[in-house]
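Under the numbering used here, think of the first position of the sequence shown as 1, with each following residue one higher.
From the three backbone atoms N, C-alpha and C, an ideal C-beta is built for every residue, glycine too.
None of these values were measured; they are calculated from a predicted model.
Notes for the one structure printed next.
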Amino acid sequence: MLGLLTCYFNPCRYQNIRDNYFRFRKGLNQPITTVELSFDDHFEIEDAIRIRGQAENLLWQKERLLNLGIQSLPSAVDKVAWLDADILFLNSEWFRLTEQALDEMPVVQMAEQILQLDEAGGLIERQESLGSGWTSGKMARPRHPWFHTGFAWACQRDFLPESGLYDQDVIGGADAAMALSWVGRGAERMNRERATPGMLNAFGNWEQSFAEQSKGNLGCIRGDLCHFWHGKKSGRMYVERMDWLKADDFDPATDIERDTSGLWRWSSNKPEMHRQVAAYFSRRNEDEYLQREQSGSILKPVWLKKTKENAMGCNACEEGLRQRKEQEKTEQRTRNVTKWSVGVTTAPREQPTLERSLISLAEAGFESPRLFVEPGTEIPEDFDHLPISQRDQKLGAFPNWYLALTEMVMRDPRAEAYLLCQDDVLYSKGARNYLEQVLWPSDKTGVVSLYCPSHDQRPEDANGFKATTNGWNSWGALAYIFPNRALRKLLSEPRVLHHRSCGPRQGLKNIDS
Numbered sequence: 001m002l003g004l005l006t007c008y009f010n011p012c013r014y015q016n017i018r019d020n021y022f023r024f025r026k027g028l029n030q031p032i033t034t035v036e037l038s039f040d041d042h043f044e045i046e047d048a049i050r051i052r053g054q055a056e057n058l059l060w061q062k063e064r065l066l067n068l069g070i071q072s073l074p075s076a077v078d079k080v081a082w083l084d085a086d087i088l089f090l091n092s093e094w095f096r097l098t099e100q101a102l103d104e105m106p107v108v109q110m111a112e113q114i115l116q117l118d119e120a121g122g123l124i125e126r127q128e129s130l131g132s133g134w135t136s137g138k139m140a141r142p143r144h145p146w147f148h149t150g151f152a153w154a155c156q157r158d159f160l161p162e163s164g165l166y167d168q169d170v171i172g173g174a175d176a177a178m179a180l181s182w183v184g185r186g187a188e189r190m191n192r193e194r195a196t197p198g199m200l201n202a203f204g205n206w207e208q209s210f211a212e213q214s215k216g217n218l219g220c221i222r223g224d225l226c227h228f229w230h231g232k233k234s235g236r237m238y239v240e241r242m243d244w245l246k247a248d249d250f251d252p253a254t255d256i257e258r259d260t261s262g263l264w265r266w267s268s269n270k271p272e273m274h275r276q277v278a279a280y281f282s283r284r285n286e287d288e289y290l291q292r293e294q295s296g297s298i299l300k301p302v303w304l305k306k307t308k309e310n311a312m313g314c315n316a317c318e319e320g321l322r323q324r325k326e327q328e329k330t331e332q333r334t335r336n337v338t339k340w341s342v343g344v345t346t347a348p349r350e351q352p353t354l355e356r357s358l359i360s361l362a363e364a365g366f367e368s369p370r371l372f373v374e375p376g377t378e379i380p381e382d383f384d385h386l387p388i389s390q391r392d393q394k395l396g397a398f399p400n401w402y403l404a405l406t407e408m409v410m411r412d413p414r415a416e417a418y419l420l421c422q423d424d425v426l427y428s429k430g431a432r433n434y435l436e437q438v439l440w441p442s443d444k445t446g447v448v449s450l451y452c453p454s455h456d457q458r459p460e461d462a463n464g465f466k467a468t469t470n471g472w473n474s475w476g477a478l479a480y481i482f483p484n485r486a487l488r489k490l491l492s493e494p495r496v497l498h499h500r501s502c503g504p505r506q507g508l509k510n511i512d513s
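Written out as structure tokens, the structure reads:
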């Protein structure tokens, strides 16, 4: 018998988290056990297992709550699924398929594709799940894209160790570490995140307790799921949050302990680490869209009023609120681009460069470009999941480029920036974050080139963008970024429409090379 679990942990009383939970429940159509943690006497889920927390419990409790839920399930439940409370299954047969899969597999991820939604419910991107990447063999390739490790998992109940899910990660990220451990890559994940020795030891002990049972024996349920929006990914601070733990050499064995309610609480004297972790929840700013659309105000956590006796908790939250306000002001002032449409034109080459270019593009922050592919081009296996527009006949460089831009506008008419790249370009890591803060260089920007030809380079003025009014041409169009309005004007410009017939008479080499 399959039992379903989720948890409701909302210390800042974000409206998005609450709304997403009830959307999730409405779309579930199955009974589920919810474990709710509240830091005051205000509980929002009528049928939840209710746990009252104190300021000393203000750390990541998700997996701890799920473990308490697992302990509460009747003995007849021999299969357990734990779900994030902000998803919607698109396959109506997900429950039956999960039960059937667990007859054969010890652990399964419950979706093949993750559809990330924006604040209005529109599709931001589609990501393949780790379960799909593993069962399809893609993860066995030397270079493979990132596969999503979260949202919905299920296992045979006796597959879990006595301690349950790994729950000693006090800042989030345990779902990824667990998922990768089931395919033998958990330690790799922890080392990549530069975990402290104490964290590595705690996770290693947990992982070893079931290593013999797993051995990569992991499945995936057919179908996709939607993930509801609850703030920008940048608000999760995936890198910074680990730095807070490393700064004080976090060790689960000595820094946390369980209280009488079963929650983790701090047991060490490391006030700066405790402060950073407590403030993390308000920094996530998961109601940003609602604040912007409704009143611009910050929702003050209710639990703050109830913990005045704890200066650390109060100061941490106040500091988090202050930083969140400053961050909001800064982003409103400097982040001019948030919605992108990204494409890559590619054609056969004697020495293929597409794979390295796509890896670099992902490192820059653009993970899911559309490929505009000339006949005969081989797409690297690690990137065959990307959306593709396949040309049925050879067009040449400029026609493919022009049609690609046209299609990008048709597919993403509301994009704020259109980036079209060639297949032989390398990018600076984190370029997207930089660009979103500096675009556009002027009010009259028609196009921004990420590549500066040698004849335009000025060593004495190497920073920022160089303004030019040389008129339009396609020379050096390795990576052009267009504002929405400028691109529409460009595509309707007669000189552009007739550009292909304006080159040298023999072969149009300046266009099709």
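Residue i: first and last residue of the uninterrupted alpha helix (DSSP H) it sits in
| i | result |
| --- | --- |
| E355 | 354-364 |
| D40 | Where D40 is concerned, there is no enclosing alpha helix (DSSP H), given that its DSSP letter is neither H nor E. |
| L28 | 15-28 |
| S181 | 174-181 |
| Q437 | 431-438 |
| F95 | 94-101 |
| A253 | 252-255 |
Reference residue i, options the options, closest by Cα
| i | options | result |
| --- | --- | --- |
| S38 | Q54, T149, W82 | Q54 |
| M199 | G223, P348, T338, D167 | D167 |
| P413 | R488, I51, P31, K138 | R488 |
| Q464 | V438, H230, D224 | For the sequence presented, residue 464 should be read as Gly rather than Gln. Comparing Cα positions, the closest option is V438. |
| Q127 | F398, P387, W82, L419 | P387 |
| L117 | F228, K232, A253, L97 | F228 |
| S556 | R50, D40, E493, Y451 | Missing from the structure shown is residue 556; the chain here goes from 1 to 513 and no further. |
| M1 | D103, H148, S360, P197 | D103 |
| R411 | T6, W340, E257 | W340 |
| P252 | F43, N201, T98 | N201 |
| S129 | M408, E112, R432 | E112 |
| R275 | I171, W153, D41 | I171 |
Distance between residue j and residue i (C-alpha atoms, nearest Å)
| i | j | result |
| --- | --- | --- |
| E319 | P11 | Low confidence applies to E319: its pLDDT is 45, below 50, so where it sits in the model is not reliable, and the reading given next is rough at best. If I take the Cα positions, the gap works out to 15 angstroms. |
| Y14 | N285 | 8 angstroms |
| A362 | Y427 | 9 angstroms |
| P504 | D423 | Note that P504 scores 45 on pLDDT, short of 50, meaning its location in the model is unreliable; the coordinates nonetheless yield the value given after this. P504 and D423: Cα-Cα distance of roughly 25 angstroms. |
| N269 | G184 | 35 angstroms |
| V77 | D382 | 39 angstroms |
| R265 | K246 | 18 angstroms |
| W182 | A397 | 45 angstroms |
| A179 | I45 | 28 angstroms |
Opening and closing residue of the beta strand (DSSP E) in which residue i lies
| i | result |
| --- | --- |
| F89 | 87-89 |
| K79 | 79-83 |
| T6 | 2-9 |
| A48 | No beta strand (DSSP E) holds A48; DSSP gives it neither H nor E. |
| R126 | 123-128 |
| R370 | 370-373 |
Nonlocal neighbours in the same chain, by C-beta distance under 6 angstroms from residue i, ignoring five residues either side
| i | result |
| --- | --- |
| R485 | none |
| M139 | G133 |
| G219 | A101, M105, V108 |
| V425 | S357, L478, A479 |
| N91 | G223 |
| D19 | none |
| V448 | I481 |
Environment of residue i [buried if 16+ CB atoms lie within 10 Å]
| i | result |
| --- | --- |
| N515 | Within the shown structure, residues of the chain are numbered from 1 to 513, placing residue 515 beyond reach of any answer. |
| H385 | buried |
| Y451 | exposed |
| E374 | buried |
| G121 | exposed |
| S282 | buried |
| T469 | exposed |
| K62 | buried |
| W146 | exposed |
| Y434 | exposed |
| Q393 | exposed |
Sequence-distant residues of the same chain with beta carbon closer than 7 angstroms to residue i, five excluded per side
| i | result |
| --- | --- |
| F203 | Y166, A177, G186, M190 |
| R258 | W264 |
CB contact check: residue i to chain C, cutoff 8 angstroms
| i | result |
| --- | --- |
| N20 | No chain C is present in this structure, which holds just one protein chain. |
Cβ neighbours of residue i in the same chain (closer than 8 angstroms, five flanking residues each side left out)
| i | result |
| --- | --- |
| T353 | D423, D424 |
| L97 | N91, I221, R222, G223 |
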